[in-house]
Amino acid sequence: MKMADGSTILRRNRPGTTSKDFCRWPDEPLEEMDSTLAVQQFIQQLIKRDPSNVELILTMPEAQDEGVWKYEHLRQFCMELNGLAVRLQKECSPSTCTQMTATDQWIFLCAAHKTPKECPAIDYTRHTLDGAACLLNSNKYFPSRVSIKESSVTKLGSVCRRVYRIFSHAFFHHRRIFDEFEAETYLCHRFTHFVTKYNLMSKENLIVPISDGENAAPGESEA
Amino acid sequence: MPRGHSSNQPMNNSRAGTGSADILSFVALLKNFQQGRPSIPLDTHDVDANCDGPDLDFVYSDVDSYQNEIAELYSYTEYCEFQSNVKAFEDQMELYDLPPNWQKQDSPSQRSIVMKLIDQLEVSNRTLRMQAARCILYLAQGCWAEVQSDEEQHQNTRDNVIVLYDLGVFSSFIDLLNMEIESACSPDIVAVKITNVTLVDSTDIRVILSVLYIITETIRDEREKASEDYKDLAESFVQEINSPLTDGELLAVKLLGMITRFCSGAAPQFPMKKVVLLLWKVSLLGLGGMDVLKNLKNEYRLKVGLDPIKEDTLEVTKCMRASSPPATATDILENQYPKRSFNRRSLMKQRFLDEPEQIDMEMSGNEGSGNANNASGNNGGSNGEEELLQYYRPFDDPSSSASNTATANPNNQPSLTAPLPAVPPVQITARLPWTPKVRQKDIDQFLDISRNKFIGYSLIGDHESLAGLPQPIHEGFKTLQRHMYMSLADMQIKKEEDIARNPISTHEDEIKLTPAEILYQAILPNLPQYMIALLKVLLAASPTSKSKTESINIMADVLPKKMPLTATQSTKLTVDMGRHKEIIVKAVSAIILLYLKHFKINHVYQFEFMSQHLVFANCIPLVLKFFNQTITEYVNTKNNIPLLDFPSCVIGEQPDLSGDSFVYGADMSDKPYSWRNVFSCINLLRILNKLIKWKHSRVMMLVVFKSAPILKKTLKVRHAMMQLYVLKLLKMQTKYLGRQWRKSNMKTMSAIYSKVRHRLNDDWAFGNDLESRPWDFQAEECTLRACVDRFNLRRYPEATQKCGAGGGSGNNGGGGTAAQNAENSQQSNMNAGNGYGGNNGGADSNGYGGNNGGGGNNSGNNQQQQQLNDYGVEGGFPSDEILTHSDFAFFGHSGWWDRKVELTDYFKANYAVWLEEEVYNSQIDWDAL
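Here it is as structure tokens:
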């Protein structure tokens, strides 16, 4: 679908857009984006250009509010993680993976409930992604996407911690799916870089080995 | 004045030490109360000669010192658990291949460790989870095993709390708390018998609550100190506790729910002390303490167009001095000894000497102005004295020279009125501790009486016109008006009335979601249960309560599994148990007072709702019962073993704990009173004042429960603020106590006179005003109830319906006033034909108790006894019970009297079938009920 050639380019996927043309519009520098969703647009643009260039994607533009930057990235992670969750659904069912485990020592509780409880892995995945979406879209904690309260930024850590377990479960129990997904999106790679860069998780808890040298899997912490 | 200085002075000093010698008159004495300072040096050196001891140097504030507040979190029996915290930390560090030393880690590594611990908190294995929790507790406790001094430990706590809160430990622990609450109601645990619950049963939950408490209290303390590094963190923390948790519940409500569940017996292992302490601190931090209250009150007053408050009770009482205790012992002597007259005379004489204000009380009628003159002469006749003279003359002159008034009026007039406008009234009255006040209602009454007397008819609703009234009435009216005080509550009530009258045209401002408003909305659906639960815990912790029919066991979190064997150990346990109870009383009393105060300024009907439920749950007799002990002993109790307090019990060289001496040893040098007990006493007295003030029906409860002797005993505690609140309570009921009581308690009467705020026109001591009819007390309570219900129904329709109260009062609320509403519903639904007109009192007045059919008598003892029965009391005090929800339905609670049951036509047609199936055919196992 051709966008208007001259004056304006509408960056929208209209009904009937073919998959070839999906999201296919020219890049735009961040400064020219005239929208409250500029940061999200910018991140998505970088990802689309080259998902493997994790460094570039995570490089914060100058004069960017760090809280917003972290928030938008985490939002993006959760959105893309849904792709992994969909693939996992084919293989991971409450009967095969009855508990949320990565390595076998620790069973994690699902924090999405009033009282945390043991959910099967796939339910943990769904509940956690839903919970994260709720939190990140909540009017109370994140009323604006232009500036973010310091108190809300601290909430991001716990989302990362919980979401990461989805990667580790997929890696240790559904390796094929994980590898396929990772080869396309480099999502776990990017996520690991992200939480390391912004110190949102302890390195020792990042148990999924990452291909390139600098973040090679550290020793697992024992129970 | 014939009495000479020289002869009086020694007597004065050697006795109670209330007055310095040069003060002979009332006026000068008041000056002394206000300024206080000049007499202090004198006071200190006659302290030794004073058998009653000096005034307590207790300063009332929101909390005790941070160190004490932290130390009170732990009971002494928890001592061994400190070691398991450090053990958990060491084990954990070993897993991480790190040296077991927190301070050697750099900041990134510390953060990383905490993050790993938080990760572990979400593991399903309980042992692992609790190990991480203990580890975090150890960090919050300031890594005491690595330090040499208390300061270092405190510093570590400070630093660690920043890291912990920053990384989200607080919310993680709330999740843990949720899990504990949940698992507490699984049936296998409830099987434990209440009396068998010990410390061991609450191990995990205590760890969780301790972490939450330390974080809260540390942030609160640092916020108070305005520490720079805590500023942002504290703000976001306050925001967090004032907004619902992720499950939609407020933290305070969750904790209140825990107390309720504990009281219902469903969760006997909940460690009540830690729960109430946490609730207290969370509420204090969320709502704000005394300063916040003061500012808010002024802010709200300004908003509705009232002047800010100029007098701060706490500040004024700081400058007051305590009265010497009333001579209870000598009173008894007086009544018992045969040589009564002699005795009394000598006592009288002595009392005369140390209580100049009493002299004044008796003589002012004749020589009041003389006294005043004298005093001003003595004191060098400063400006202030002159003004004061002006102030007093209008009262004195007419009595001493009644004939003058008419003739000398033209002469007198300028001298009376001229200085008054020039000087603001506050300055004039600066000699009394308080500016006198008067309510609009009192002015109206004054005008009404005057009009009836001089003109012969009343002008209802006219607050001003003075036509036809003589000059002295004008003067009196002006004085009254100058002292009129409009409270915030008056404005709020008026607004409510307006809205009720013109529901459409009256515009209500948007309800601001202040912390108090959020809290009220959150607790409204279950407020009655919460109040009952709080009072139950308070009752169980009262020193006077007997442990006979204990439905709840608040000692579960002190009692160790193994009972002590040696004498030392059991001494220790006794001290520990006493301390435990005191701390609970302290926290609960502080919570109730804090809520009452915040609701009161937020909206008076929120306050009334809460206080009515407190009254229904027997709060008044409970507090009186609390004071019915040797209060001076309670104030001086030393249930403390400083060596065992955290952190001294774990830092540095451990003292030998086998000897008996440690129990008392180090304590003697400390304060001569127990901070927390004085604090609790003042809180409870303030609660009582809050509940009773301006509520005639509740004043009658004070009388009925024979509170006067109890309160008088409480006066023995030499602390001005505490005495003030006691005196206020006595003042309210003085006129019902009878001539005999007043005669034998002149000293108390003068203390009231000099310390409690004067209400102009209020004949508190001898009066017999219309308000005091003893039979309309339940009407008053019902009127109030109707107003409160209407308020709740209008503002919070959903919550009110959930609450099940006041379901119907809104239906007929459109037209009539509140009073009419109450009257209607009362007449239609209660069989309380108990005489609004008060014709004979013989009607069946079963409003309160229902156990006294008929035959009431309006006068004397009979009436009183009947009221006792009405309140469900046989002989002085009610049994130890807090009324449960259903029990106080007869108070008009739970809306049974205004709820209309609508039956469907179908039901009406087929009710016989229903009767057959539901009633006759259902088997009831009566033994099981």
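Protein chains in written order, with the numbering used here: chain A, 29 to 251; chain B, 8 to 936. Positions of the beta carbon are idealized from the N, C-alpha and C atoms, including for glycine.
Proximal residues, the segment 236 to 249 of chain B versus chain A, C-beta separation under 7 angstroms: Asp239, Ser243, Gln246 and Glu247
Start-end ranges of the alpha helix (DSSP H) lying completely within the segment 516 to 602 of chain B, minimum 4 residues: 522 to 530 and 534 to 548
Ile37/A in three-state terms, based on DSSP: Counting from one through the first sequence, the residue named residue 37/A turns up at place 9. Ile37/A carries a coil assignment under DSSP once its states are collapsed to helix, strand and coil.
Inter-residue Cα distance where the pair is Leu286/B and Leu262/B: Residue numbering aside, residue 286/B sits at position 279 when the second sequence is read from its first letter. Residue numbering aside, residue 262/B sits at position 255 when the second sequence is read from its first letter. Cα-Cα distance, rounded: 6 angstroms.
Residue environment, Asn185/B, which counts as buried when at least 16 other CB atoms sit within 10 Å: As a first step, residue 185/B must be located in the second sequence, where it is residue number 178. Buried.
Environment of Phe914/B [buried if 16+ CB atoms lie within 10 Å]: The sequence position of residue 914/B within the second sequence is 907, counting from 1. Exposed, by the Cβ-count rule.
Pairwise C-alpha distance: Leu737/B and Asn841/B: Walking along the second sequence from the start, residue 841/B turns up at place 834. Walking along the second sequence from the start, residue 737/B turns up at place 730. In this predicted model, Asn841/B has a pLDDT of only 35, less than 50, meaning its place in the structure is not dependable; the value taken from the coordinates is given anyway. Approximately 28 angstroms, taken between the alpha carbons.
Arg802/B classed as buried or exposed, judged by whether at least 16 other C-beta atoms fall within 10 angstroms: On the second sequence, position 795 is the one that residue 802/B refers to. Buried: at least 16 other Cβ atoms inside 10 Å.
Under the three-state DSSP convention, the category Lys444/B falls into: Taking the second sequence and counting its residues from 1, one reaches residue 444/B at position 437. Three-state DSSP puts Lys444/B in a strand.
Closest by C-alpha distance to Gln127/B, when choosing among Ile143/B, Asn928/B and Tyr680/B: Taking the second sequence and counting its residues from 1, the one referred to as residue 127/B is at position 120. Among Ile143/B, Asn928/B and Tyr680/B, the Cα nearest to that of Gln127/B is on Ile143/B.
Minimum C-alpha distance to Glu971/B - residue among Gln730/B, His620/B, Ile658/B and Ile480/B: The structure shown does not extend to residue 971/B, since chain B spans only 8 to 936, so no value can be given for it.
Ala916/B versus Glu924/B - alpha carbon distance: Taking the first residue of the second sequence as position 1, residue 916/B is located at position 909. Taking the first residue of the second sequence as position 1, residue 924/B is located at position 917. Answer to the nearest angstrom: the Cα atoms are 15 angstroms apart.
Beta carbon of Ile561/B nearer than 7 angstroms to that of Ala548/B: For the purposes of this step, residue 561/B is taken as the residue at position 554 of the second sequence. For the purposes of this step, residue 548/B is taken as the residue at position 541 of the second sequence. Yes, these two residues count as a Cβ contact at 7 angstroms.
Boundaries (first-last residue) of the alpha helix (DSSP H) holding Met137/B: Counting from one through the second sequence, the residue named residue 137/B turns up at place 130. Arg133 to Ala147 is the span of the alpha helix (DSSP H), which, as asked, contains Met137/B.
Option nearest Arg193/A by Cα separation, candidates Gln72/A, Lys145/A, Cys216/A and Arg77/A: Residue 193/A sits at position 165 when you count from the first residue of the first sequence. Ranking Gln72/A, Lys145/A, Cys216/A and Arg77/A by Cα distance to Arg193/A puts Cys216/A first.
Euclidean distance between Cα positions of Ile450/B and Arg230/B: For the purposes of this step, residue 450/B is taken as the residue at position 443 of the second sequence. For the purposes of this step, residue 230/B is taken as the residue at position 223 of the second sequence. Going from the Cα of Ile450/B to the Cα of Arg230/B covers about 45 angstroms.
Cβ neighbours of His687/B in the same chain (closer than 6 angstroms, five flanking residues each side left out): Your numbering for residue 687/B matches position 680 in the second sequence. For the record, residue 687/B in the displayed sequence is Ser; it is not His. Result list for Ser687/B: Val592, Lys593 and Ser596, in chain order.
Thr721/B, buried or exposed, once every other Cβ within 10 Å from all chains shown has been counted against 16: On the second sequence, position 714 is the one that residue 721/B refers to. With 16 or more other Cβ atoms within 10 Å, it is buried.
Helix, strand or coil at Val130/B according to DSSP, with G and I counted as helix: Residue numbering aside, residue 130/B sits at position 123 when the second sequence is read from its first letter. It is a strand residue.
Endpoints, alpha helix (DSSP H) assigned at Lys632/B: Looking up residue 632/B in the second sequence gives position 625. Residues Cys626 to Phe634.
Under the three-state DSSP convention, the category Thr129/A falls into: Taking the first sequence and counting its residues from 1, one reaches residue 129/A at position 101. Here Thr129/A sits in strand by DSSP.
Met368/B - DSSP class collapsed to helix/strand/coil: In the second sequence, the residue the question calls residue 368/B occupies position 361. Residue placement at Met368/B is flagged as unreliable, the pLDDT there being 39, under the threshold of 50; the coordinate-derived value follows with that caveat. Helix.
Within-7 angstroms CB hit, Pro171/A to chain B: Stepping through the first sequence from its first residue, residue 171/A is reached at position 143. No, because no Cβ of chain B sits closer than 7 angstroms to the Cβ of Pro171/A.
Alpha-carbon spacing of Arg705/B relative to Asn625/B, whole angstroms: Position 698 of the second sequence, counted from the start, is the residue given in the question as residue 705/B. Position 618 of the second sequence, counted from the start, is the residue given in the question as residue 625/B. Going from the Cα of Arg705/B to the Cα of Asn625/B covers about 11 angstroms.
Near-chain B residues of the segment 184 to 198 of chain A - C-beta to any C-beta below 8 angstroms: Listed by position, the residues of the segment 184 to 198 of chain A near chain B (Cβ gap below 8 angstroms) are Gly185, Ser186, Arg189 and Arg190.
Chain B residues whose Cβ lies nearer than 8 angstroms to that of Thr126/A: Residue 126/A sits at position 98 when you count from the first residue of the first sequence. Result: empty, since nearest Cβ-Cβ is about 12 angstroms, beyond 8 angstroms.
Residue of Gln90/B, His765/B, Thr911/B and Trp151/B minimising C-alpha distance to His490/B: Along the second sequence, one-based indexing puts residue 490/B at 483. Here the closest residue by C-alpha is His765/B.
Residues bridged to Arg766/B [DSSP beta-bridge criterion]: What you label residue 766/B is simply residue 759 of the second sequence in a count that begins at 1. DSSP lists Lys444/B as partners of Arg766/B.
Own chain partners of Met617/B with C-beta closer than 8 angstroms, once the 5 adjacent residues on each side are dropped: The residue given as residue 617/B occupies position 610 in the second sequence. The beta carbon of Met617/B sits closer than 8 angstroms to those of Leu534, Met538, Tyr602, Leu603 and Phe606, all from its chain and outside the five residues before and after it, given in chain order.
Neighbouring residues, chain A, relative to Asn185/B (Cβ below 8 angstroms): Your numbering for residue 185/B matches position 178 in the second sequence. Chain A residues near Asn185/B: Lys142, Thr143 and Pro144.
Length-filtered (4 minimum) alpha helix (DSSP H) runs lying within the segment 268 to 325 of chain B: 279 to 294 and 297 to 310
Contacts that Thr182/A makes with chain B (C-beta to C-beta distance below 7 angstroms): Position 154 of the first sequence, counting from 1, holds the residue named residue 182/A. Result: Asp173 and Gly175.
Cβ distance (whole Å) where Asp497/B is taken to contact Met297/B below 8 angstroms: In the second sequence, the residue the question calls residue 497/B occupies position 490. In the second sequence, the residue the question calls residue 297/B occupies position 290. About 23 angstroms separates the two Cβ atoms, so there is no contact after all.
Beta carbon of Gly293/B nearer than 7 angstroms to that of Pro522/B: Within the second sequence, numbered from 1, the residue matching residue 293/B stands at position 286. Within the second sequence, numbered from 1, the residue matching residue 522/B stands at position 515. A contact, by the Cβ cut-off of 7 angstroms.
Short CB-CB distance (under 7 angstroms) between Met122/B and chain A: Looking up residue 122/B in the second sequence gives position 115. True, the Cβ-Cβ gap to chain A drops below 7 angstroms.
Where the alpha helix (DSSP H) through Ser97/B begins and ends: Locating residue 97/B in the second sequence gives position 90, counting from the first residue. With the sequence shown as reference, residue 97/B is identified as Glu, and Ser is not the correct amino acid for it. Residues Tyr86 to Leu102.
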